[in-house]
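S.K.:
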Amino acid sequence: MCLAIPGKIERIENIEGGDPLSRMGKINFGGILKEASLAYVPDAQVGDYVIVHVGFALSKVDEEEAHKVFDYLKEIGELGELEEAEEAAQTKETPR
Amino acid sequence: MKYLDEYRDGELAQRLAQELRRITTRPWTLMEVCGGQTHAIVKFGLDALLPEGVRLIHGPGCPVCVTPLEIIDQALVLAARPGVLFASFGDMLRVPGSTTDLLSVKAQGGDVRIVYSPLDAVRLAEQNPDREVVFFGVGFETTAPATAMAVFQAEQKGLKNFSLLVSHVLVPPAIEALMASPDCRVQGFLAAGHVCAVVGYEEYVPLAAKYRVPIVVTGFEPLDILHGILMTVKQLEEGRCEVENQYVRAVKREGNLPAQDLVRRVFSVVPRKWRGLGEIPQSGLGLAAKYAPFDAEKKFGLGTIRVEEPADCLSGRVLQGQIRPHECPAFGTRCTPEHPLGATMVSSEGACAAYYRYRRHSHEQPAATTAAVS
Ligand code: SF4
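In order, the protein sequence lines correspond to chains W and F.
Under my numbering, the residue at position 58 of the first sequence is numbered 58, and the numbers go up by one with no gaps.
Under my numbering, the residue at position 13 of the second sequence is numbered 109, and the numbers go up by one with no gaps.
What follows is the structure, given as structure tokens:
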């Protein structure tokens with residue numbers, strides 16, 4: 001039940017009268033379109049990614065923050081690779 | 097899928113694990129609170145990547161698992177009642193009550209419907225004016241805003257045939273109860289990212305300070321979880337106990353304010369019993385006085401049912417991390433997902449079911465590696 005997944009807002013249904021609590025959207029989950037309430041993400045726009053749980057978008061995915069963390073993860077990865085490359089280089093150069 | 101696939105990269109997972117091994121000098125015991133994380137850890141074999149001595153305990157973070165027997169029994173009574181249309185999330189249907197489960201009630205003619213969202217239940221009430229629609233409102237802070245909206249809309253629409261059997265629970269009080277227990281061995285917590293997406297993580301700050309444990313708000317994908325573990329161990333190795341946020345792409349410090357606002361309007365905080373853990377003060381949500389007419393318990397005069405949890409199910413000890421699922425004598429023999437004795441064997445987020453599904457014979461160490469991370 002707790003599974004919440006990110007999807008992209010394809011369309012926002014403009015509710016007449018403009019009550020923000022009744023804002024609905026069509027969300028694209030890897031090709032599957034589903035309806036979700038956008039009541040709790042009043043500033044989310046078409047094209048934004050939102051995390052959806054039991055029919056409600058709970059938060060907007062912050063692209064910039066996502067990038068920062070991912071770059072950091074990759075950095076750790078590259079550091080590891082570098083160490084490995086150095087180790088490999090050293091073993092090669094060791095005269096037998 | 098964007099924001100999913102890249103967080104399952106096996107190569108990067110190995111690198112993170114390597115970094116974790118590099119900084120770890122001592123054994124540490126961490127708890128992941130959320131069942132969604134438990135599921136991912138067991139499914140992807142993340143625990144097999146951890147340095148020796150770093151141990152994960154699977155916490156009580158599965159709402160299906162902690163819904164008390166009494167409430168399940170009330171649900172069964174309601175669902176069997178003529179004229180009632182009982183709407184529930186699918187994973188509650190096989191949770192064993194004291195005698196039967198919702199699925200059997202349905203098979204015997206009870207009108208039990210599976211809904212994806214609480215709003216579907218409101219729609220059912222509109223479409224079936226001659227029936228009493230009861231929605232089974234269970235779940236953590238993540239689900240409460242959706243249930244709150246259902247009640248709010250039902251009230252606005254003037255629906256008289258909609259009500260709620262409510263057993264919502266709150267995570268931080270349960271974590272505090274675990275920390276306060278004298279035999280708590282947990283040294284650091286991975287807090288559930290989506291709960292924090294709603295309520296933020298301010299509430300954890302005093303807990304981290306009082307019990308001197310690091311708490312790291314963590315996402316659900318393999319890389320998120322490994323990153324969360326890395327951040328927690330780093331704090332422990334450096335002697336820090338702070339609240340940090342790994343899941344910055346989805347969680348803000350203050351959480352989701354409009355969602356908190358509606359939850360506060362519709363619900364009030366109440367003491368709540370947790371299956372396997374007993375009653376925890378201020379750990380649940382019940383309907384606020386203004387919405388009392390939507391309370392199924394009052395509407396149908398259910399009264400309190402008193403029941404004992406079956407003694408041969410050790411799920412309470414599993415939920416507190418005192419034993420691992422396969423250490424329960426009933427595991428995989430008298431208790432399987434097809435015939436669960438306890439709720440932790442029902443939901444895919446329950447620790448017993450996750451162990452059964454992904455490592456049937458595992459009395460030994462998990463054999464999986466990130467090769468499984470696809
Ligand atoms: S294996 Fe079954 S009986 Fe044992 S603790 Fe888990 S749910 Fe309960």
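Backbone N, C-alpha and C define an ideal beta-carbon position, used for all residues, glycine too.
Nothing here was measured: the structure is a model prediction, and the numbers come from that model.
Just to confirm the assignment, what range does the beta strand (DSSP E) spanning Leu207/F have?
M.R.: Sequence index remark: in the second sequence, residue 207/F carries index 111 (1-based). Leu is not the amino acid found at residue 207/F; the sequence shown has Asp there. Run containing Asp207/F: Asp207 to Ile210, per the beta strand (DSSP E) assignment.
S.K.: Which runs of the beta strand (DSSP E) spanning at least 3 residues fall entirely within the region 284-368 of chain F, listed in chain order?
M.R.: DSSP runs (the beta strand (DSSP E)) wholly in the region 284-368 of chain F: 284-288, 311-314 and 339-341.
S.K.: Cα separation between Ile5/W and Gln342/F?
M.R.: Indexing the first sequence from 1 puts residue 5/W at position 5. Indexing the second sequence from 1 puts residue 342/F at position 246. Going by the C-alpha atoms only, they are around 17 angstroms apart.
S.K.: Is any non-hydrogen atom of the ligand SF4 found closer than 7 angstroms to the C-beta of Ala426/F, if you look at the structure I gave you?
M.R.: Along the second sequence, one-based indexing puts residue 426/F at 330. For the ligand SF4, at least one heavy atom lies less than 7 angstroms from the Cβ of Ala426/F.
S.K.: The ligand SF4 and Val329/F: does the residue's C-beta get closer than 7 angstroms to at least one heavy atom of that ligand?
M.R.: Taking the second sequence and counting its residues from 1, one reaches residue 329/F at position 233. Checking every heavy atom of the ligand SF4 against the Cβ of Val329/F, none is found closer than 7 angstroms.
S.K.: Can you find the residues in the same chain that come closer than 6 angstroms, C-beta to C-beta, to Cys409/F, ignoring five residues on each side of it along the sequence?
M.R.: Counting from one through the second sequence, the residue named residue 409/F turns up at place 313. Cβ neighbours of Cys409/F beyond the five flanking positions: Leu437 and Gly438.
S.K.: My assumption, with CB atoms under 8 angstroms, is that Ala246/F sits in contact with Gly289/F. Please give the rounded CB distance.
M.R.: Within the second sequence, the letter at position 150 stands for residue 246/F. Within the second sequence, the letter at position 193 stands for residue 289/F. About 24 angstroms separates the two Cβ atoms, so there is no contact after all.
S.K.: Kindly indicate which residue of Gln249/F, Val180/F and Glu166/F has the alpha-carbon position closest to the one of Val191/F.
M.R.: Position 95 of the second sequence, counted from the start, is the residue given in the question as residue 191/F. When each option's Cα is compared against that of Val191/F, the closest is Glu166/F.
S.K.: Within the 8 angstroms Cβ cut-off, does Glu10/W reach chain F?
M.R.: Sequence index remark: in the first sequence, residue 10/W carries index 10 (1-based). Not one chain F Cβ lies under 8 angstroms of Glu10/W.
S.K.: Is Tyr414/F close to the ligand SF4? I mean its beta-carbon at under 7 angstroms from any heavy atom of the ligand.
M.R.: Counting from 1 along the second sequence, the entry for residue 414/F is found at position 318. Residue identity check: residue 414/F is Val in the sequence provided, not Tyr. Yes, the ligand SF4 has a heavy atom inside 7 angstroms of this Cβ.
S.K.: For the ligand SF4, any of its heavy atoms closer than 7 angstroms to the Cβ of Asp187/F?
M.R.: Counted from its first residue, the second sequence places residue 187/F at position 91. It does not: the Cβ of Asp187/F is nowhere closer than 7 angstroms to a heavy atom of the ligand SF4.
S.K.: With a threshold of 8 angstroms between beta-carbons, can Val262/F be considered close to chain W, or not?
M.R.: As a working mapping, residue 262/F is identified with position 166 in the second sequence. Closer than 8 angstroms: no.
S.K.: Would Leu126/F and Val291/F be called neighbours here (beta carbons separated by less than 8 angstroms)?
M.R.: Residue 126/F sits at position 30 when you count from the first residue of the second sequence. Residue 291/F sits at position 195 when you count from the first residue of the second sequence. No, Cβ-Cβ distance for Leu126/F and Val291/F is not below 8 angstroms.
S.K.: Enumerate in chain order the residues of its own chain whose CB-to-CB distance from His323/F is below 7 angstroms, with the five nearest sequence positions on each side excluded.
M.R.: Here residue 323/F is taken as the residue at index 227 of the second sequence, counted from 1. Closer than 7 angstroms at the Cβ level, and outside the excluded window around His323/F, lie Leu112 and Gln342.
S.K.: Given the structure, does Tyr73/W come close to the ligand SF4, in the sense that its CB is under 7 angstroms from one of the ligand's heavy atoms?
M.R.: Indexing the first sequence from 1 puts residue 73/W at position 73. It is worth fixing the name first, because residue 73/W is Leu in this sequence and not Tyr. For the ligand SF4, not one heavy atom lies less than 7 angstroms from the Cβ of Leu73/W.
S.K.: Assuming contact is defined by CB atoms lying nearer than 8 angstroms, are Ile12/W and Arg23/W in contact in what I supplied?
M.R.: By 1-based counting over the first sequence, the position of residue 12/W is 12. By 1-based counting over the first sequence, the position of residue 23/W is 23. In this structure, Arg23/W lies closer than 8 angstroms to Ile12/W by Cβ.
S.K.: Return the chain-ordered ranges of every alpha helix (DSSP H) run that is complete within the region 235-292 of chain F and spans a minimum of 4 residues.
M.R.: List check, alpha helix (DSSP H) in window: 240-252 and 267-276.
S.K.: Taking only the alpha-carbon atoms, compute the straight-line gap between Lys34/W and Ile51/W and give it to the nearest angstrom.
M.R.: For the purposes of this step, residue 34/W is identified with residue 34 of the first sequence, where counting begins at 1. For the purposes of this step, residue 51/W is identified with residue 51 of the first sequence, where counting begins at 1. The straight-line gap from Cα to Cα measures roughly 13 angstroms.
S.K.: Shortest alpha-carbon distance to Ala385/F belongs to which of Gly149/F, Ser364/F and Thr238/F?
M.R.: Your numbering for residue 385/F matches position 289 in the second sequence. Selected option, being the one with the closest Cα: Ser364/F.
S.K.: Which residue's Cα is closest to the Cα of Gly335/F: Thr121/F, Met97/F and Gln114/F?
M.R.: Translated into positions along the second sequence, residue 335/F becomes position 239. It is Thr121/F.
S.K.: With 16 as the cutoff for other CB atoms within 10 Å, does Glu107/F come out buried or exposed?
M.R.: Counted from its first residue, the second sequence places residue 107/F at position 11. Glu107/F should be labelled exposed.
S.K.: Do Val230/F and Val180/F come within 8 angstroms of each other at the CB atom, strictly closer than that value?
M.R.: As a first step, residue 180/F must be located in the second sequence, where it is residue number 84. As a first step, residue 230/F must be located in the second sequence, where it is residue number 134. Yes, these two residues count as a Cβ contact at 8 angstroms.
S.K.: Residues of the region 216-241 of chain F with a CB closer than 9 angstroms to any CB of chain W: list them in chain order, please.
M.R.: Under the 9 angstroms Cβ criterion, the region 216-241 of chain F contributes Asp216, Val234, Gly235, Phe236, Thr238, Thr239 and Pro241.
S.K.: Given a threshold of 16 other Cβ atoms within 10 Å of its Cβ, counted over all protein chains shown, does Asp197/F qualify as buried or as exposed?
M.R.: The sequence position of residue 197/F within the second sequence is 101, counting from 1. So Asp197/F counts as buried.
S.K.: Use the C-beta contact count for Ala240/F: other C-beta atoms within 10 angstroms, 16 or more gives buried, fewer gives exposed.
M.R.: Walking along the second sequence from the start, residue 240/F turns up at place 144. Under this definition Ala240/F is a buried residue.
S.K.: Could you check where the beta strand (DSSP E) with Phe140/F kicks off and where it finishes?
M.R.: Here residue 140/F corresponds to residue number 44 of the second sequence, with the count starting at 1. Run containing Phe140/F: none in the beta strand (DSSP E); it sits in the alpha helix (DSSP H), Gly131 to Phe140.
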